[in-house]
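Heads up: the protein sequence lines correspond to chains H and C, in order. Heads up, the first sequence is in numbering that gives the first Met the number 0, so the first residue is 0 and it goes up one at a time. Heads up, the second sequence is in numbering that gives the first Met the number 0, so the first residue is 0 and it goes up one at a time.
2 protein chains.
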Amino acid sequence: MTKTNLDQALDYAHQTRESFLQSLKDFASIPSVSTDQSHQADIHSAAAWLAKRLEHLGMQNVAVMPTDMHPVVYAEWLQAPGKPVVLIYGHYDVQPVDPISLWQTDPFNPTSAGEYLFARGASDMKGQVVAALSALESILKSRPLPVNVKFLFEGEEEIGSPSLARWMKDHQALLKADFCLNPDAGMLAKDSPTITYGLRGLVYFELKVFGPENDMHSGMVGGVIHNPAQALAELIAAMHDANGKVTLPGFYDRVRTLSQDERAQFAQLPNTESKYLELTGVKALWGEPEFTPAERLGARPTLEINGLLSGFTEAGQKTVLPSHAMAKISCRLVPDQDPDEVDAQFRRFLTEKAPPTIRWELEKISGAPGSITNLDQPGIRALAAAQEVVWQKKPVYVREGGSIPVVGMMQSILGIESVLTGFGLPEDHIHSPNERLHLPTWYKGIDALIHFFYNL
Amino acid sequence: MTKTNLDQALDYAHQTRESFLQSLKDFASIPSVSTDQSHQADIHSAAAWLAKRLEHLGMQNVAVMPTDMHPVVYAEWLQAPGKPVVLIYGHYDVQPVDPISLWQTDPFNPTSAGEYLFARGASDMKGQVVAALSALESILKSRPLPVNVKFLFEGEEEIGSPSLARWMKDHQALLKADFCLNPDAGMLAKDSPTITYGLRGLVYFELKVFGPENDMHSGMVGGVIHNPAQALAELIAAMHDANGKVTLPGFYDRVRTLSQDERAQFAQLPNTESKYLELTGVKALWGEPEFTPAERLGARPTLEINGLLSGFTEAGQKTVLPSHAMAKISCRLVPDQDPDEVDAQFRRFLTEKAPPTIRWELEKISGAPGSITNLDQPGIRALAAAQEVVWQKKPVYVREGGSIPVVGMMQSILGIESVLTGFGLPEDHIHSPNERLHLPTWYKGIDALIHFFYNL
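See below:
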């Protein structure tokens with residue numbers, strides 16, 4: 000009986016926690032940093048690790064498949080006739096680790112301490128991938144799976160999934176499924192089971208401002224030509240108005256107005272002002288004053304400076320007037336905003352604002368639109384019920400500030416919705432030094448996924 | 000007879016050019032970068048090289064003398080009774096070489112090509128030091144020197160000479176002289192013999208802006224807290240008004256108004272708008288519109304961004320909201336401006352302008368006031384006559400945009416004026432990749448220094 004099967008699977012999961020953790024440590028020790036060419040071999044190691052793990056679970060047609068850049072790992076198990084096909088998505092790549100000096104442990108030597116596992120990727124998202132595989136292992140130990148599954152693990156999520164859309168288009172039949180389970184979203188807090196139904200899009204740029212042909216002696220031309228680092232700062236300063244609004248022309252044209260209902264929903268989230276003050280350690284928050292922090296993150300687009308570089312940056316002094324200055328700049332987009340339109344708005348902004356004293360170049364590095372998932376679907380209902388059993392609490396439904404380009408691709412290319420879950424916490428330091436995973440929450444997550452599969 | 004001695008010295012100089020060049024190549028091959036701790040041993044090698052060369056010339060009391068940081072090389076030759084004592088100043092340290100990728104030759108493997116020698120320090124100022132030593136060698140080959148000389152070679156000029164003032168105070172008797180010959184200034188053009196009578200001061204800062212305690216995921220807090228890279232850009236943008244005026248409160252209070260005479264003098268310099276367009280390759284100049292480029296460089300203070308660093312700066316993308324952002328910022332000061340006052344003005348600016356959403360720290364790395372040399376002195380007259388003979392042209396008298404802190408120290412601590420010369424050209428790429436020295440001008444400079452010593 001299903002009840003018995005479920006209990007057996009949960010029992011196995013509880014008894015096998017040490018081995019699940021060890022599996023995650025193995026996976027997280029592979030430095031699969033996708034943005035860094037020098038980690039090319041590690042990318043392939045991580046893909047191979049997953050393929051081996053899937054093979055070992057008894058999955059079929061396991062394949063590491065080439066794309067224009069980093070490979071996709073595919074597998075399937077289709078022996079539950081009449082049951083839905085769940086496409087399980089994950090990414091095996093991780094963020095860079097810089098500044099490495101701020102890590103208290105080796106980011107690729109996963110280290111347990113108290114209730115946490117410290118490692119790059121522990122939370123985002125190798126931990127989530129291993130949670131899904133551990134849930135499946137727990138079921139498969141004694142019984143066949145109660146659903147059909149396919150796997151799509153990519154290696155480019157942290158660089159905007161540049162070659163995934165094309166690969167998906169070329170493999171639409173292979174990827175045919177009823178919906179996608181994507182555990183790359185997180186929880187609002189460890190006692191708040193969370194279902195994410197909205198994600199922001201992302202468009203990422205590199206802006207370069209050029210001044211003199213060479214770096215020059217600041218005493219020989221300073222005050223006579225426009226310093227490109229200063230000119231870049233002036234352009235950046237002009238990208239927001241005094242109220243924190245982005246000034247790219249037309250940037251807000253497609254942004255939906257929040258209804259009273261939506262605002263009431265946001266008001267119930269635990270994302271309060273004091274929570275962000277505590278999380279970040281800043282003395283005062285910033286941003287559009289007419290929206291709450293939860294609204295700004297969930298329903299408003301942003302423009303952020305991700306990096307700055309110009310001239311002399313070592314210790315000491317060098318009186319150089321730099322030849323150029325660079326900024327990494329990205330916009331989080333809300334549904335209906337289009338990355339290419341924002342690219343055009345940025346170019347219009349620069350054409351209008353850049354002075355004749357400098358030259359600029361803008362490169363769009365990646366772009367993906369935002370998405371909102373339909374809540375009325377069996378996958379969401381199965382997940383909500385699973386979370387309620389494990390946490391003894393109904394989940395909260397949130398629109399998240401982050402971006403998962405693949406969710407939009409699943410909608411537009413495969414025509415399927417994504418069920419977004421995951422067991423990372425806001426305090427996990429993802430994309431930052433000392434990334435960690437809260438293990439008690441992670442173990443609950445494995446239980447929740449076991450329930451989820453049986454609820455379908 | 001003096002005439003014969005002079006001719007013999009000039010003959011020797013012309014016959015020994017290959018050897019002088021080899022000597023410069025030896026000296027310039029030592030990577031004595033003063034701002035970089037890892038070049039500590041090279042600093043000492045460069046000092047030792049000079050001491051050996053002075054010893055070889057027959058100078059007396061040659062000594063490498065410790066200071067709080069990099070050593071001073073001292074020597075003297077005082078056997079011309081009744082003749083003036085000339086304190087010959089130079090620095091043996093050089094600027095860093097970054098960005099190294101833009102060098103077409105190894106900066107510390109001095110390379111001759113056509114009329115140029117390419118090397119870090121070839122022009123600024125190992126070439127100038129070797130020119131002075133070569134002129135002395137040419138005279139000493141057949142005759143004693145016609146003047147008394149002392150030498151002060153320091154190793155901290157490129158980092159603002161932080162320990163030189165104290166060392167000078169402790170050695171006032173040793174350094175007693177009639178005036179200083181300082182060949183660390185340059186020429187306006189290769190056919191314009193130049194005497195520099197005014198120098199700007201320099202105060203150099205590092206400004207840090209702090210946001211969240213750690214680097215964070217831009218999708219999780221972007222739009223909710225103030226991005227410190229953006230906040231730094233906003234502060235930098237506010238440091239100049241729309242007319243290119245520095246906005247630090249009180250910055251221009253002590254700046255002298257230019258007289259009609261001075262403006263007429265500046266108008267005769269070859270530092271025209273088209274010269275700077277050609278030198279830098281920019282499409283349009285920038286700066287205070289009511290002053291000419293020559294006036295802006297010679298008589299107006301500036302604030303320049305020398306470096307910017309924040310967040311992710313590698314190839315590719317990382318969606319980080321950085322925890323902090325840094326700028327290297329320096330001001331060129333005109334006579335009567337005080338570095339400590341400018342430091343206070345900068346702090347007042349930041350106190351007034353920095354928003355409550357971020358925290359800032361300002362470090363003053365070095366500071367030295369500007370200076371104007373009295374033109375009515377025997378050293379200047381001797382140099383002017385020497386240049387006129389060699390170039391068949393009267394020198395132009397200029398106030399230079401750069402800063403040589405030691406000139407102010409010589410005035411205030413030793414009570415002596417400096418005769419500022421040098422045979423570098425504006426196109427020498429000093430402080431930049433591919434620094435070079437124009438050898439035909441350098442050889443003329445050696446001749447001019449021989450004349451100069453005989454003219455005293």
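Think of the CB as a built atom: it goes at the ideal place given N, C-alpha and C, for glycine as much as any other residue.
- Straight across, the Cα-Cα distance linking alanine 164 (chain H) with alanine 184 (chain H) is about 20 Å.
- DSSP places glutamine 103 (chain C) outside both helix and strand once states are collapsed to three, so it counts as coil.
- What serine 365 (chain C) touches in chain H, judged by beta-carbon distance under 7 Å, is Gln316, going in chain order.
- The Cβ-Cβ distance between histidine 225 (chain C) and isoleucine 328 (chain C) does not fall below 8 Å.
- Annotation: Cβ neighbours of glutamine 94 (chain H) in chain C (cutoff 7 Å, chain order): Lys317.
- For tryptophan 102 (chain H), the closest alpha carbon among the candidates H:Pro432, H:Lys352 and H:Leu231 is that of H:Pro432.
- Look at the stretch 398-411 of chain C: the residues with a C-beta under 7 Å from a C-beta of chain H are Gly400, Gly401 and Ser402.
- Secondary structure note for lysine 317 (chain H): it is in no beta strand (DSSP E), with a DSSP letter that is neither H nor E.
- For the stretch 290-303 of chain C, the residues whose beta carbon sits under 7 Å from a beta carbon of chain H are, in order, Pro292, Arg295, Leu296, Arg299, Thr301 and Glu303.
- Taking CB atoms only, tyrosine 275 (chain C) has a neighbour in chain H less than 8 Å away.
- Residue burial annotation: isoleucine 99 (chain C) is exposed, with fewer than 16 other C-beta atoms found within 10 angstroms of its C-beta.
- When C-alpha distances from methionine 219 (chain H) are compared across C:Glu426, C:Phe311 and C:Ala447, the shortest belongs to C:Glu426.
- Of the residues C:Thr440, C:Glu303, C:Ala324 and C:Val319, the one whose Cα lies closest to the Cα of phenylalanine 345 (chain C) is C:Glu303.
- Taken through DSSP and simplified to helix, strand or coil, leucine 135 (chain H) comes out as helix.
- Taken through DSSP and simplified to helix, strand or coil, serine 217 (chain C) comes out as helix.
- For arginine 199 (chain H), a Cβ of chain C is located within less than 8 Å of the residue's own Cβ.
- Runs of the alpha helix (DSSP H) spanning 4 or more residues and lying entirely within the stretch 169-236 of chain H occur at 217-220 and 227-236, in chain order.
- In this structure, aspartate 342 (chain C) lies near lysine 363 (chain C), with their beta-carbon atoms less than 8 Å apart.
- Residue H:Gly369 holds the alpha-carbon nearest to the alpha-carbon of tyrosine 196 (chain H) among H:Arg142, H:Pro95 and H:Gly369.
- When DSSP states are grouped into helix, strand and coil, lysine 282 (chain C) belongs to the coil group.
- Among the bridge pairs identified by DSSP, lysine 327 (chain H) is matched with H:Glu205 and H:Gly306.
- Beta-bridge partners assigned by DSSP to serine 111 (chain H): H:Leu116.
- Between the alpha carbons of phenylalanine 422 (chain C) and valine 245 (chain C) lies a distance of about 32 Å.
- Around the C-beta of serine 417 (chain H), 16 or more other C-beta atoms lie within 10 Å, and the residue is accordingly described as buried.
- Annotation: valine 333 (chain H) has no Cβ neighbours in chain C at a cutoff of 7 Å; minimum Cβ distance is about 11 Å.
- By a beta-carbon distance limit of 8 Å, histidine 323 (chain H) does not contact proline 439 (chain H). Their separation comes to about 49 Å.
- Taking 8 Å as the upper bound for CB-CB distance, valine 71 (chain C) and phenylalanine 152 (chain C) are in contact here, some 7 Å apart.
- Bridge pairing for glycine 421 (chain H): absent [DSSP].
- In the DSSP annotation of this structure, glycine 249 (chain C) is not part of any beta strand (DSSP E), being labelled neither H nor E.
- Aspartate 25 (chain H) and alanine 47 (chain H) have their C-alpha atoms spaced approximately 12 Å apart.
- Contact with chain C is absent for proline 338 (chain H), since none of that chain's Cβ atoms lies less than 8 Å from the residue's Cβ.
- The beta carbon of tyrosine 11 (chain H) is closer than 6 Å to those of Ser137 and Lys140 in its chain, skipping five residues each way along the sequence.
- Nearest CB-CB separation between histidine 225 (chain H) and chain C: below the 8 Å threshold.
- Non-local C-beta neighbours of alanine 45 (chain H) in its own chain, meaning closer than 6 Å and more than five positions away in sequence, comprise Ile29, Ser31 and Tyr91, ordered along the chain.
- Taking a beta-carbon distance threshold of 8 Å, alanine 12 (chain H) does not count as an interface residue toward chain C.
- Of all residues in the stretch 202-223 of chain H, the ones placed with a Cβ closer than 7 Å to any Cβ belonging to chain C are Tyr203, Gly210, Pro211, Glu212, Asn213, Asp214, Met215, His216, Ser217, Gly218, Met219, Val220, Gly221, Gly222 and Val223, in chain order.
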